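2 protein chains.
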Amino acid sequence: MGGSLALAIRKKKLAYHVTGLVRNENTLQEAIHLGFADEFYLESDFLKKDLWNKYDFIVFSLPVDLTCKKISLIPDSYTGILTDLGSTKREIIQAVENRFTREHNYISSHPMTGSENSGAKYAKEDLYEGKLCILTSPKRLKTEVKEKIQTFWDKLGSQTIEIPAEDHDEVLAYLSHSPHIISSLLVTWAGTNPKVKEYNQRSKIPLSGGGFRDMSRIAGSNPEMWEAIIHTNKSDIYKSLKEFKIKLEELLEIFEKDGNSNFWKKYFEKARDYRNQIFKL
Amino acid sequence: MGGSLALAIRKKKLAYHVTGLVRNENTLQEAIHLGFADEFYLESDFLKKDLWNKYDFIVFSLPVDLTCKKISLIPDSYTGILTDLGSTKREIIQAVENRFTREHNYISSHPMTGSENSGAKYAKEDLYEGKLCILTSPKRLKTEVKEKIQTFWDKLGSQTIEIPAEDHDEVLAYLSHSPHIISSLLVTWAGTNPKVKEYNQRSKIPLSGGGFRDMSRIAGSNPEMWEAIIHTNKSDIYKSLKEFKIKLEELLEIFEKDGNSNFWKKYFEKARDYRNQIFKL
């Protein structure tokens, strides 16, 4: 996400100078090799040398828990604008409000984009084009900062919408976090079935068609990032998954009744309607 | 599926003459307009005029329940080869074995391909290229017919694998049928959440990212076909969904314990492994 953002900023000429911070030496070498920013630092060097004030705009592109830790380190003297690309908001907003008891320049962003691949080598300069970016404002945010960040995402080709932290985390539990768990559950459940294993081993090409492939795509994503997402949105994910289980039990009852021959056609038609509503088709 | 097969057969020059049968007048006009076969009939006309023996190869591309009905209508005098593209096998194989108490030319096919769109206008001549086609043999099948059908799929670019009806239906419950229900459940569950509805209406572009979009793609597929699939594979689908529910309950317990901070990272890593195994990555 961060690498793609650097590429997009340079493509749209939104900054004179872009610096990439990375967490370890290997990534540093890879990032320099790929050259998606003008300059690179190890995060530890940046912090040691206290380079914050060299920059007028800083974006945290990190798992949510690490983003919260970085927020606590922002020096009082820093006057630039700050944002992040975090997938959950309650904890980030709490961290910002704890950090700043005065007016500040931090607004949280959540671009609804990405892929199952993480790492600098998958960076794409058009990742943000035509995408939605959710903005969440902490208390005591300066109004002009919100406008600047809206303009920033707008210039990158993203649409913005404001959603408060609580609502963001509930909506995202349904549209992203719990589906991620369900996708992982799906491959675990199918992948451990003895017959699936047996015939899949015998077949030269994978035994599965496109539907299962699509549904399991996100089960391949960055486990570290997803652990942080689950940890920072436990209650909404738990609530939504419990509701999912109840709805699944209702379907199991349909099988147990063994009647209702027209049930499934109607159910699938209605599902198609919900899908069309969600995707504005 | 049938339209794409006609296109593929003509592209690969596997037949001198391809006739398309359709179920109603509207589809007939559309099929003639698209022209993917040399000639078209209404199915009812074909049956009334008893044209079976004009053809040396017949493929049923219909929902499974209708395929079974057609199998019961195959005349004793018919000497050509027969197959279908059915998604479940137990009932089709039963219908074939009921129909033929002597040696016969019917072997069932299940090409693992398709899309969420059905209908002649979505036909694609390369739909079968590089795909897997599962073959299921009924009792009393002539050996040379199996070889001919293997060659047929081979020439269309598909790999074949033989799986008996019982195993086919269990494996497909896991890799296709139950995932289809889970995908439909997913859009129903998310699409009825009030906050999801509210913010999705407010947003100019859909509130969901690519993961949810992928997972819900198949929820848009042909409801009639899917009803027939559910009806003809009830027991395996029920069994597999019940197991899915139990595995979901185990995850809900992790949330209830609220500990095990390292659980999710390991769970997602393991899920990625299962996914890689299934897709031979």
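Residue numbers (the working numbering), protein chains in the order written: chain C, 1 to 281; chain E, 1001 to 1281. Positions of the beta carbon are idealized from the N, C-alpha and C atoms, including for glycine. Keep in mind it's a predicted model, so treat the numbers as computed, not measured.
By the 10 Å Cβ neighbour count, where 16 or more other Cβ atoms means buried, how is residue i classified, buried or exposed?
i, result
"residue 1140 of chain E", "exposed"
"residue 1016 of chain E", "exposed"
"residue 1086 of chain E", "buried"
"residue 1143 of chain E", "exposed"
"residue 1194 of chain E", "exposed"
"residue 1275 of chain E", "buried"
"residue 168 of chain C", "buried"
"residue 1038 of chain E", "exposed"
"residue 131 of chain C", "buried"
"residue 75 of chain C", "exposed"
"residue 1151 of chain E", "exposed"
"residue 1178 of chain E", "buried"
"residue 1033 of chain E", "exposed"
"residue 252 of chain C", "exposed"
"residue 119 of chain C", "exposed"
"residue 1262 of chain E", "exposed"
"residue 1202 of chain E", "exposed"
"residue 102 of chain C", "exposed"
"residue 1035 of chain E", "exposed"
For residue i and residue j, what's the separation of their Cα atoms in angstroms?
i, j, result
"residue 246 of chain C", "residue 1250 of chain E", "14 Å"
"residue 209 of chain C", "residue 1024 of chain E", "29 Å"
"residue 1073 of chain E", "residue 1278 of chain E", "39 Å"
"residue 64 of chain C", "residue 1090 of chain E", "49 Å"
"residue 1080 of chain E", "residue 1051 of chain E", "12 Å"
"residue 1268 of chain E", "residue 1163 of chain E", "31 Å"
"residue 2 of chain C", "residue 123 of chain C", "8 Å"
"residue 1100 of chain E", "residue 1270 of chain E", "47 Å"
"residue 1027 of chain E", "residue 1254 of chain E", "52 Å"
"residue 88 of chain C", "residue 235 of chain C", "12 Å"
"residue 280 of chain C", "residue 1192 of chain E", "15 Å"
"residue 1215 of chain E", "residue 214 of chain C", "6 Å"
"residue 171 of chain C", "residue 1196 of chain E", "5 Å"
"residue 238 of chain C", "residue 1128 of chain E", "41 Å"
"residue 165 of chain C", "residue 138 of chain C", "8 Å"
"residue 7 of chain C", "residue 18 of chain C", "9 Å"
"residue 59 of chain C", "residue 1149 of chain E", "59 Å"
"residue 1040 of chain E", "residue 1228 of chain E", "25 Å"
"residue 241 of chain C", "residue 134 of chain C", "23 Å"
"residue 67 of chain C", "residue 107 of chain C", "13 Å"
"residue 94 of chain C", "residue 187 of chain C", "35 Å"
Shortest alpha-carbon distance to residue i belongs to which of the options?
i, options, result
"residue 1222 of chain E", "C:56, C:266, C:167, C:130", "C:266"
"residue 1005 of chain E", "E:1256, E:1236, E:1111, E:1162", "E:1111"
"residue 244 of chain C", "E:1240, E:1176, E:1184", "E:1184"
"residue 84 of chain C", "C:62, C:72, C:104, C:74", "C:62"
"residue 1055 of chain E", "E:1027, E:1020, E:1201, E:1262", "E:1020"
"residue 173 of chain C", "C:155, C:102, C:32, C:232", "C:232"
"residue 1069 of chain E", "E:1057, E:1077, E:1053, E:1098", "E:1098"
"residue 1045 of chain E", "E:1114, E:1119, E:1022, E:1264", "E:1022"
"residue 1181 of chain E", "E:1230, E:1120, E:1159, E:1154", "E:1230"
"residue 1204 of chain E", "C:159, C:57, C:207, C:264", "C:159"
"residue 1011 of chain E", "E:1125, E:1029, E:1035, E:1272", "E:1125"
"residue 14 of chain C", "C:155, C:145, C:53", "C:155"
Check residue i in the structure and name its three-state DSSP category.
i, result
"residue 199 of chain C", "helix"
"residue 32 of chain C", "helix"
"residue 1019 of chain E", "strand"
"residue 279 of chain C", "coil"
"residue 205 of chain C", "coil"
"residue 283 of chain C", "Nothing about residue 283 of chain C can be read from this structure; chain C reaches only from 1 to 281."
"residue 1251 of chain E", "helix"
"residue 132 of chain C", "strand"
Query - Inside the segment 1148-1188 of chain E only - beta strand (DSSP E) runs reaching at least 3 residues - result: 1159-1162
Query raised in the report: At what residue ranges does the segment 1043-1127 of chain E contain a whole run of the alpha helix (DSSP H), taking only runs of 4 or more?
Result: 1043-1048, 1064-1073, 1090-1099
Query raised in the report: Where in the segment 209-241 of chain C do unbroken runs of the alpha helix (DSSP H), each at least 4 residues long, occur, reported from the N-terminal end onward?
Result: 210-216, 223-232
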